[in-house]
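Chains as they are written, first to last, in this note's numbering: chain A, 403 to 515; chain B, 11 to 123.
The beta-carbon is built from N, C-alpha and C at its ideal position, and this holds for glycine as well.
Take a look at the structure set out below.
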């Protein structure tokens, strides 16, 4: 069964460093999303992406964040200058063709020291 | 988005049915009711969705009240693998079916052996 994959599974970085989180959505899906979940808190929407541009973004998704689909398969989230409060699980998702079901990846745990 | 209310936690015995309630008294006529779950240390996973009629799939059943102000996710025979946080989410079709999901706190289901 096709699945969304994410790399790395765990990323440790120093405050102020740039990180790139990578996702490979399911191949024939067209809508992509990033969510994050701070430990013990709710899953929060960050950004949605369609047709090579951002569809919607939340207040969390400020100028430090950017997304890109550099080729036909990868979907990346870049945090330009990480802060301690960026420590969280980051989940990528893609939307099934019938638009009923979002498929989530296993997540990347980002730890900012 | 219309709000949902779920109990913080529930317990069930293994191999017994589980009924997870969700109240959504401000639901609008075009809101679909979606359920997702999040197993420990994993990304959310789609379970089921419906509009007015009860729905069944291989994972669960969804019972929707006649006035649509509440719904119940039914796991017919809970297993230890069903221990997860279950989220009831309303998705307004009028805003576009590709819209992001808004997660609440969900119900933490504990399955006792």
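- Residue range 510 to 514 is occupied by the beta strand (DSSP E) that includes residue 511 (chain A).
- The alpha helix (DSSP H) runs of length 4 or more contained entirely in the stretch 78 to 112 of chain B do not exist; there are none.
- Contact between the stretch 73 to 85 of chain B and the stretch 489 to 496 of chain A is absent, with fewer than three C-beta pairs closer than 8 angstroms.
- Counting along the chain, residue 60 (chain B) sits inside the beta strand (DSSP E) bounded by residues 55 to 60.
- No Cβ of chain A is located within less than 8 angstroms of the beta carbon of residue 81 (chain B).
- Straight-line spacing of the CA atoms in residue 415 (chain A) and residue 481 (chain A) works out to 11 angstroms.
- Check the Cα spacing between residue 122 (chain B) and each of B:69, B:60, B:89: the tightest is with B:89.
- Neighbourhood of residue 444 (chain A) in chain B, by CB distance below 7 angstroms: 113, 114, 115, in chain order.
- Nearest to residue 50 (chain B) by alpha-carbon distance, out of B:98, B:94, B:67, is B:94.
- Under the Cβ criterion of 8 angstroms, residue 427 (chain A) is not counted among the residues facing chain B.
- If you check each beta-carbon in the stretch 26 to 44 of chain B against every beta-carbon of chain A, the ones closer than 9 angstroms belong to 42, 44.
- Rounded to whole angstroms, the separation of the alpha carbons of residue 455 (chain A) and residue 24 (chain B) is 46 angstroms.
- Just so you know, the alpha carbons of residue 510 (chain A) and residue 413 (chain A) end up roughly 7 angstroms apart.
- Within the model, the alpha-carbon separation for residue 419 (chain A) versus residue 471 (chain A) is close to 21 angstroms.
- With 16 or more other CB atoms across the displayed protein chains lying within 10 angstroms of its CB, residue 92 (chain B) is buried.
- Per the coordinates, the alpha-carbon of residue 449 (chain A) lies some 33 angstroms from the alpha-carbon of residue 75 (chain B).
- For the set B:86, B:39, B:73, the Cα lying nearest the Cα of residue 103 (chain B) is the one of B:39.
- Counting along the chain, residue 464 (chain A) sits inside no beta strand (DSSP E), nor does DSSP assign it H or E at all.
- Ranked by Cα distance from residue 113 (chain B), the options B:47, B:20, B:22 are led by B:47.
- Taken atom to atom, the span from the alpha-carbon of residue 101 (chain B) to that of residue 109 (chain B) is near 8 angstroms.
- As far as DSSP is concerned, residue 428 (chain A) takes part in no beta bridge.
- As a beta-bridge residue in DSSP terms, residue 415 (chain A) pairs with A:514.
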